[in-house]
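*Asks:* Per our numbering, the very first residue in the sequence shown carries number 398; after that it's consecutive. The C-beta atom is built at its ideal place from N, Cα and C for all residues, glycine as well. Encoded as structure tokens, here's the structure I'll be asking about.
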Amino acid sequence: MNFNKEEQIKKPNTVQKRNPKWERDELILALELYFRHNPNTISAKHQEVLKLSKILNSLPIHGISPEYVNFRNPNGVYMKMSNFLRLDPNYKGKGLERGSKLEEEVWDEYYPNKPKLRDLAALIKASVEFKKEEIKLPINEEEEEVFPEGKILFRVHKLRERNAGAVKKKKQQALEDNELYCEICQFDFFKTYGEIGKGFIECHHTIPVSEYTEKDNTKLQDLILVCSNCHRMLHRRRPWLDKDDLMKLMEKVSK
């Protein structure tokens, strides 16, 4: 196996920048290809490596400009796949020694669950194709960084939670029933903050991202009304806590 470094393509009057670090989304796609085509059996010229290179260049998460002349080219994609060899218990060689902590995290999470990995990879690709313009800009960079399914699916999730039509209907329904408060802790923004809090509440989409399809519409029954604190706590564990789980945790702490 040839582990030569990528050739640097030099352009006149262009200051070359070091390519940004691989994000979780990209590693999920690279690992999924690794399990379909072990790098020991292919090269950087393999059609699937070329295809993945194009996909990675299309992901709206880095904002790549011309200074990054080698961004996710086939050689780089192939070398990233080869990084996983050092983690593979079935590989008898040494593999590339240099690798990131994030590679290990992604490997540990999906090595025992390859079907989930395939589903997530397919969903990332489909989401980019179906909603590329909508997911181009980050929604909450801090939360994106720790979302295990990657930035793109985090943005898809948040778009579902911010579906204007569904959220409006959900709030209106609660107002009519005089129940516009957090469904978990019963916090009421209006009672606490007065007029400035009137009509304010957040919505949490309860369907796990791994169960999304790119054409699913946001349904009222998939949304729950929550305060900002409970919303963040629901997202804090993997898999996500559901409403009942978080309520039980709060009851346990209060005793």
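Within 10 angstroms of its Cβ, does residue 626 collect 16 or more other Cβ (buried), or is it exposed?
*Replies:* Here residue 626 corresponds to residue number 229 of the sequence shown, with the count starting at 1. With fewer than 16 other Cβ atoms within 10 Å, it is exposed.
*Asks:* Please report the residue range of the beta strand (DSSP E) in which residue 598 lies.
*Replies:* As a first step, residue 598 is located in the sequence shown; it is residue number 201 there, counting from the start. No beta strand (DSSP E) holds residue 598; DSSP gives it neither H nor E.
*Asks:* What whole-angstrom Cβ distance do residue 480 and residue 496 have, given they're in contact under 8 Å?
*Replies:* Within the sequence shown, residue 480 is the residue found at index 83, counting from 1. Within the sequence shown, residue 496 is the residue found at index 99, counting from 1. Residue 480 to residue 496, Cβ: 4 Å. Contact.
*Asks:* DSSP three-state label for residue 452, please.
*Replies:* Start at 1 with the first residue of the sequence shown, and residue 452 comes out as number 55. The answer is helix: DSSP assigns residue 452 an H, G or I state.
*Asks:* When the Cβ atoms of the segment 502 to 515 are set against those of the segment 422 to 430, are three or more pairs found closer than 8 Å?
*Replies:* Contact holds: three or more Cβ-Cβ distances are below 8 Å.
*Asks:* Considering only the beta carbon of each residue, do residue 571 and residue 622 sit closer than 7 Å?
*Replies:* Within the sequence shown, residue 571 is the residue found at index 174, counting from 1. Within the sequence shown, residue 622 is the residue found at index 225, counting from 1. Going by C-beta atoms, residue 571 is nearer than 7 Å to residue 622.
*Asks:* In whole angstroms, give me the CA-to-CA distance for residue 514 and residue 581.
*Replies:* For the purposes of this step, residue 514 is taken as the residue at position 117 of the sequence shown. For the purposes of this step, residue 581 is taken as the residue at position 184 of the sequence shown. Cα-Cα distance, rounded: 31 Å.
*Asks:* Count the other CB atoms, across all protein chains shown, that sit within 10 Å of the CB of residue 415; report buried if there are 16 or more and exposed otherwise.
*Replies:* As a working note, residue 415 is residue 18 in the sequence shown. The residue is exposed, with fewer than 16 neighbouring Cβ atoms inside 10 Å.
*Asks:* Would you grab the beta carbon distance between residue 424 and residue 500 for me? Rounded to a whole angstrom, and I think it's under 8 Å.
*Replies:* Within the sequence shown, the letter at position 27 stands for residue 424. Within the sequence shown, the letter at position 103 stands for residue 500. The pair is a contact, with the Cβ atoms about 6 Å apart (cut-off 8 Å).
*Asks:* So, helix, strand or coil for residue 517, using DSSP?
*Replies:* Position 120 of the sequence shown, counted from the first residue, corresponds to residue 517. Correct three-state label for residue 517: helix.
*Asks:* Tell me the rounded alpha-carbon separation between residue 417 and residue 452.
*Replies:* By one-based count along the sequence shown, residue 417 stands at place 20. By one-based count along the sequence shown, residue 452 stands at place 55. Cα-Cα distance, rounded: 16 Å.
*Asks:* Below 8 Å on the Cβ atoms is my contact criterion, and I expect residue 606 with residue 550 to pass it. Report the Cβ-Cβ distance as a whole number of Å.
*Replies:* Here the question's residue 606 lines up with position 209 in the sequence shown. Here the question's residue 550 lines up with position 153 in the sequence shown. 5 Å between Cβ atoms; contact.
*Asks:* Between the Cα of residue 493 and those of 553, 448, 478, spot the shortest distance and give me the residue it belongs to.
*Replies:* To locate residue 493, count along the sequence shown from 1; it is residue 96. Ranking the options by Cα distance to residue 493, first place goes to 478.
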